[in-house]
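Written out below as structure tokens is the structure these notes cover.
The following block contains the structure:
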């Protein structure tokens, strides 16, 4: 699955979770048990939403790292360790010029 399709899929899941949480919060619970169950459900949906948001951020960072890596600029990482990625096409083109 491409990055854009995966991101779109995650956004759709997030929309569904947000809608479900809104519906649960709108409902009036008559019993204490129903209130507890809806509270637990909202907490679980919130944790799933946070997981999906984190996954979306990872995809966005991976996408930007790959874009930067293709042009031979520093890739994001710790300051003590700098990584420089040079795209293969750039390496091969310089070898072709030498031969």
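In the numbering used here, the protein residues as written are 131 to 229. Beta carbons: idealized from backbone N, C-alpha and C, even for Gly.
Quiz item: CB residue 141 to CB residue 175, shorter than 8 angstroms?
Solution: Counted from its first residue, the chain shown places residue 141 at position 11. Counted from its first residue, the chain shown places residue 175 at position 45. No. Outside cutoff.
Exercise. Alpha carbon to alpha carbon, how far is residue 187 from residue 171? Give it in angstroms, no decimals.
Key: The residue labelled residue 171 in the question sits at position 41 within the chain shown. The residue labelled residue 187 in the question sits at position 57 within the chain shown. Residue 171 and residue 187: Cα-Cα distance of roughly 24 angstroms.
Self-check item: Segment limits, alpha helix (DSSP H) that includes residue 157
Solution: Mapped onto the chain shown, residue 157 falls at position 27. Looking at the DSSP string, residue 157 is not in any alpha helix (DSSP H), and its letter there is neither H nor E.
Exercise. For residue 131, name the three-state secondary structure that DSSP assigns.
Key: For the purposes of this step, residue 131 is identified with residue 1 of the chain shown, where counting begins at 1. When DSSP states are grouped into helix, strand and coil, residue 131 belongs to the coil group.
Quiz prompt | Member of 162, 131 and 138 whose CA lies at the smallest distance from the CA of residue 182 | solution = In the chain shown, counting from the first residue as 1, residue 182 sits at position 52. Taking residue 182 as reference, the option from 162, 131 and 138 with the minimal CA-CA separation is 138.
Exercise. Measure the CB-CB distance between residue 178 and residue 147 and report whether it falls below 8 angstroms.
Key: Residue numbering aside, residue 178 sits at position 48 when the chain shown is read from its first letter. Residue numbering aside, residue 147 sits at position 17 when the chain shown is read from its first letter. Contact flag set, yes.
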